[in-house]
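Heads up, the sequence shown is in the UniProt record's numbering, so the first residue is 1 and it goes up one at a time.
Using N, Cα and C, we set each Cβ at its ideal position, and we do this for glycine too.
The model shown is predicted, which means the values in this text are computed figures rather than measured ones.
Below is one structure; the comments refer to it alone.
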Amino acid sequence: MQNRTLEIGVGLFLLAGLLALLLLALRVSGLTLGSGDHTYKVYAHFNNIAGLTVRAKVTMAGVTIGKVTAIDLDRDSYTGRVTMSLDNAVDNLPADSTASILTAGLLGEKYVGISVGGDEELLADGSTIYDTQSSLVLEDLIGKFLLNSVNKDQSN
């Protein structure tokens, strides 16, 4: 009887460990078990969305307030359209807020950062953020630097 109790205890301990690993994996990947009913959608148009992915964080002042739910091409303006789900707890964002694509560290993951504006009108479900700053592409910067260096050498 004592041997069976020990086996049941070890089995429960292993089950608890597997559940903890599953929750950790869900947390790290950005997936959730909830349905996301407590969110509202906001759109933003960017000229360059290089490196931004679906499920990327949306932050304000370093605090995660939502996530990117879709990325597609706007066929009318030929810009990248980002759909973001923001928490209902942050339902007081001014309509003139700014969205920027930022990088965590030098070569880290891309995420959307929201800077608060000063308008009295608030963002609602389906609103669009018009003031955006596109992704900074490291290869473009290096190319501009090298091209600028070559042009200076040729003019001397």
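{"query": "Which one of Met-84, Ala-89, Gly-113 has the shortest CA to CA distance from Ala-61?", "result": "Gly-113"}
{"query": "Does the distance from the C-beta atom of Val-68 to that of Met-84 stay below 8 Å?", "result": "yes"}
{"query": "Looking at the structure shown, is Ala-61 part of a helix, part of a strand, or coil, going by DSSP?", "result": "coil"}
{"query": "Quickly, what does DSSP pair Tyr-111 with across the bridge? List them, please.", "result": "Leu-102"}
{"query": "Could you tell me the distance, in whole angstroms, from the CA atom of Met-5 to the CA atom of Phe-13?", "result": "Per the sequence presented here, residue 5 reads as Thr, with Met not at that position. The alpha-carbon atoms of Thr-5 and Phe-13 are separated by roughly 12 Å."}
{"query": "Could you check whether the region 43-62 touches the region 125-138, counting it as contact only if at least three pairs of C-beta atoms, one from each stretch, sit closer than 8 Å?", "result": "yes"}
{"query": "Just verifying my parser: in three-state terms, what is the DSSP assignment at Asp-96?", "result": "coil"}
{"query": "Below 8 Å on the Cβ atoms is my guess for Leu-93 versus Leu-122; work out the distance and round it to an integer in Å.", "result": "6 Å"}
{"query": "According to DSSP, Met-84 sits in a beta bridge with which residue or residues?", "result": "Val-42, Val-68"}
{"query": "Starting from Ile-8 and walking both ways along the beta strand (DSSP E), at which residues does that stretch end?", "result": "Premise fails: Ile-8 lies in the alpha helix (DSSP H), 2-29, not in any beta strand (DSSP E)."}
{"query": "Using a 10 Å radius around the Cβ and a threshold of 16 neighbouring Cβ atoms, would you call His-115 buried or exposed?", "result": "The residue you asked about is not His; residue 115 is Ser in the sequence shown. It counts as exposed."}
{"query": "Quick one: using the 10 Å Cβ neighbour count with 16 as the cut-off for buried, is Val-54 buried or exposed?", "result": "exposed"}
{"query": "When the Cα atoms are used, what is the spatial distance from Ser-29 to Lys-57?", "result": "11 Å"}
{"query": "Across which residues does DSSP place Leu-122 in a beta bridge pair?", "result": "Pro-94"}
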